[in-house]
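S.K.: Taking my numbering, I'd label the letters of the sequence shown as residues 21 to 157. The C-beta atom is built at its ideal place from N, Cα and C for all residues, glycine as well. Mind having a look at this structure? Questions to follow.
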Amino acid sequence: MVALALFIPLLTGIGGNTGSQAATTVTRALAMDEVGLRDFARVAAKEFTTGLTLGVLLAVPAFAIASPLYGLDIGTIIGLTLIVNCPIAALVGGSIPLAAKACRVDPAVVSTPFISTFCDASGLLVYFTIAITIMGL
């Protein structure tokens, strides 16, 4: 489906930005001694919740715009992908700086390249898994 290809940059970009923002927030909190390794569960829960909220807020207009232009199936795929991908990206983005700190590696150096790669790959897997399921491809 050609229409699915049109949304790849949007979905990978949103995932990468969500993960990078979470990483930036947690890296800053680490630098300011506002969080530590002991706060992993709290940070993970907060980032997941933030990502889910963002995913839902982005899914509604994405669905509303994509559905009339490309069909209800495509709109549903885009919306569901955002709802699933944003919390994953935020969770990974918030976790990587803590994991880097635990390994005694500078979180600011390793976070963004890893998160971008992970979010692109996982976002595409989520996207095409949802598309295969909904469209029966």
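In whole angstroms, give me the CA-to-CA distance for L57 and S87.
M.R.: L57 and S87: Cα-Cα distance of roughly 43 Å.
S.K.: Taking only three categories from DSSP, how would you classify F27?
M.R.: F27: coil per DSSP, three-state reduction.
S.K.: What is the rounded straight-line gap between the Cα of D140 and the Cα of G33?
M.R.: The straight-line gap from Cα to Cα measures roughly 8 Å.
S.K.: Within the continuous alpha helix (DSSP H) that includes G99, where are the two ends?
M.R.: Its alpha helix (DSSP H) spans residues 92-122.
S.K.: Taking just the CA atoms, how far does L92 sit from I135?
M.R.: Computed Cα separation, rounded: 31 Å.
S.K.: Near S115, what residues of its chain come up, given a Cβ to Cβ distance below 7 Å and the 5 sequence neighbours on each side ignored?
M.R.: Taken in chain order, the residues that qualify are A64.
S.K.: Nearest by alpha-carbon distance to G71: which of I94, G39, I97 is it?
M.R.: The shortest Cα separation from G71 among I94, G39, I97 belongs to G39.
S.K.: Taking only three categories from DSSP, how would you classify E54?
M.R.: E54 falls in the coil class under three-state DSSP.
S.K.: What are the boundary residues of the alpha helix (DSSP H) that includes G156?
M.R.: Unbroken run through G156: none, as it is neither H nor E.
S.K.: Contact check, P117 vs T47 under 8 Å by CB: the rounded distance?
M.R.: P117 to T47, Cβ: 5 Å. Contact.
S.K.: May I have the straight-line CA-CA distance separating A25 from L77, to the nearest angstrom?
M.R.: Going from the Cα of A25 to the Cα of L77 covers about 22 Å.
S.K.: Looking only at its chain, what residues have a beta carbon closer than 8 Å to the beta carbon of V104, apart from the 5 residues adjacent to it on each side?
M.R.: The answer, listed in chain order, is G75, V146, I150.
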